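Residue numbers (my numbering): 8 to 165.
Ideal placement from N, C-alpha and C gives every residue a C-beta, glycine not left out.
None of these values were measured; they are calculated from a predicted model.
Input: a single structure, listed below in structure tokens.
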């Protein structure tokens, strides 16, 4: 398809290494799994929270704290929505879009900022750590760093 004189040339999608696609799916599915589990535990009290509930490691203390909801929405549900969005960003039609990697990086950056607030809340306000939440935090950080690496490497002159 030829561009008319008034159109900008179409951007090509950013070429990403094959390992990134596999890693992105692995991290997204892991995040979805943990977020789904925490969402189910939040809404169904018959499902046990598989985590210690005494001492500094205390998932129950964290997941029932005032900080476990933002504007009335459980953080677990926000995490589930976040990873569903990440899964949508990995669909072939979306990844073919030239801005997909940039949008994924921006959304993951927002996720990391939210994670920093959650970690602060756990350590300073709640004074307890949730192992399941920590898993989501590490998944989000790893996904952000991998995406930042690929985004940066794709911009370097060859």
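Residue i vs residue j beta-carbon contact at 7 Å
i           : j           : result
residue 56  : residue 42  : no
residue 27  : residue 122 : no
residue 115 : residue 150 : yes
residue 154 : residue 111 : yes
residue 93  : residue 35  : yes
Beta-carbon separation (whole angstroms), residue i vs residue j, contact threshold 8 Å
i           : j           : result
residue 146 : residue 31  : Between residue 31 and residue 146 the Cβ distance is about 11 Å, and since that is not below 8 Å, they are no contact.
residue 23  : residue 161 : 7 Å
residue 69  : residue 75  : 7 Å
residue 141 : residue 87  : The pair is not a contact, with the Cβ atoms about 17 Å apart (cut-off 8 Å).
residue 148 : residue 119 : 6 Å
residue 91  : residue 39  : 7 Å
residue 139 : residue 44  : 7 Å
Distance between residue j and residue i (C-alpha atoms, nearest Å)
i           : j           : result
residue 132 : residue 103 : 43 Å
residue 113 : residue 79  : 25 Å
residue 3   : residue 143 : There is no way to answer for residue 3, as the model of the chain reaches only from 8 to 165.
residue 59  : residue 65  : 5 Å
residue 72  : residue 61  : 15 Å
residue 82  : residue 96  : 21 Å
residue 53  : residue 25  : 41 Å
residue 134 : residue 29  : 36 Å
residue 63  : residue 48  : 20 Å
residue 130 : residue 137 : 10 Å
residue 50  : residue 77  : 16 Å
residue 106 : residue 33  : 22 Å
residue 117 : residue 152 : 13 Å
Residue(s) in a DSSP beta bridge with residue i
i          : result
residue 81 : 76
residue 64 : 136
| query | At which residue ranges does the segment 107 to 138 contain complete alpha helix (DSSP H) runs of 4 or more residues, listed in the order of the chain? | reply | 107 to 127
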